[in-house]
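Right, one structure below, let's go through it.
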Amino acid sequence: MKVKIITNNPLVYSLYSEDYDIDYQEISYEGILKKTRDYVHKGHELLTHPLSGSVKPNETPFKTLLISSKSKDLNLESLSIIEKSIETSEKFVQNQKKYPADIEKDFMEIDLSLIENVINKLL
Numbered sequence: 573m574k575v576k577i578i579t580n581n582p583l584v585y586s587l588y589s590e591d592y593d594i595d596y597q598e599i600s601y602e603g604i605l606k607k608t609r610d611y612v613h614k615g616h617e618l619l620t621h622p623l624s625g626s627v628k629p630n631e632t633p634f635k636t637l638l639i640s641s642k643s644k645d646l647n648l649e650s651l652s653i654i655e656k657s658i659e660t661s662e663k664f665v666q667n668q669k670k671y672p673a674d675i676e677k678d679f680m681e682i683d684l685s686l687i688e689n690v691i692n693k694l695l
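Here it is as structure tokens:
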């Protein structure tokens with residue numbers, strides 16, 4: 573299955589950029605959700621849930637999502653999921669924390685681990 577990866581995690585980018593279509597941008601967690609919504613509007617389908625994992629949106633600055641590589645008709649289920657996820661993340665924006673580099677690296681590793689598991693199962 574061909575997938576597109578959307579991420580703001582430099583570890584994911586460095587590990588997968590040679591083998592996968594990646595949209596890597598240095599933007600916020602919420603920015604990744606909104607970028608993904610743009611793709612969903614173009615007909616891409618969510619393959620991973622935007623709020624997967626046990627880390628809340630205000631607890632990590634990093635997020636990686638998988639979507640279908642090809643666009644089709646608008647998938648209303650994907651649209652509903654991404655819209656609700658954006659609403660949820662907006663509730664946490666006021667509590668966004670700035671972490672030291674070593675803790676940010678830990679969050680990068682957590683995000684990478686979550687997406688590695690999915691990629692290994694899907695592909």
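One point on numbering: in my numbering, the residue at position 31 of the sequence shown is 603, and numbering is uninterrupted. Positions of the beta carbon are idealized from the N, C-alpha and C atoms, including for glycine. Quick caveat, the model's predicted, so the values are computed rather than measured.
query	result
Can you tell me the Cα-Cα spacing of Ile578 and Asp678, whole angstroms?	19 angstroms
DSSP beta-bridge partners for Asp593?	Lys576
Determine the closest residue to Pro629 out of Lys670, Met573, Val584, with distance taken between C-alpha atoms.	Lys670
For Leu618, does the three-state DSSP call read helix, strand or coil?	strand
For the 8 angstroms Cβ check, are there 3 or more pairs between the segment 646-661 and the segment 599-619?	yes
Gln694 bridges to which residues according to DSSP?	Note on identity: in this sequence residue 694 is Leu, with Gln being the wrong assignment. BP columns for Leu694 are empty, so no partner.
Could you check the C-alpha separation between Ile687 and Lys644 for me, to the nearest Å?	24 angstroms
Compute the Euclidean distance between the alpha carbons of Leu694 and Asp674, then round it to the nearest angstrom.	30 angstroms
With DSSP as the reference, label Ile583 as helix, strand or coil.	Strictly speaking, residue 583 in this sequence is Leu, with Ile absent from that position. The answer is helix: DSSP assigns Leu583 an H, G or I state.
Report the option in Ser650, Asn647, Leu646, Ser624 whose CA atom is closest to the CA atom of Ser685.	Ser624
Check Leu684 in the structure and name its three-state DSSP category.	helix
Kindly give me the distance between the Cβ atoms of Lys576 and Tyr601, rounded to whole angstroms, as I take these residues to be in contact under 8 angstroms.	In fact, because the Cβ distance is near 18 angstroms, the residues do not count as touching under 8 angstroms.
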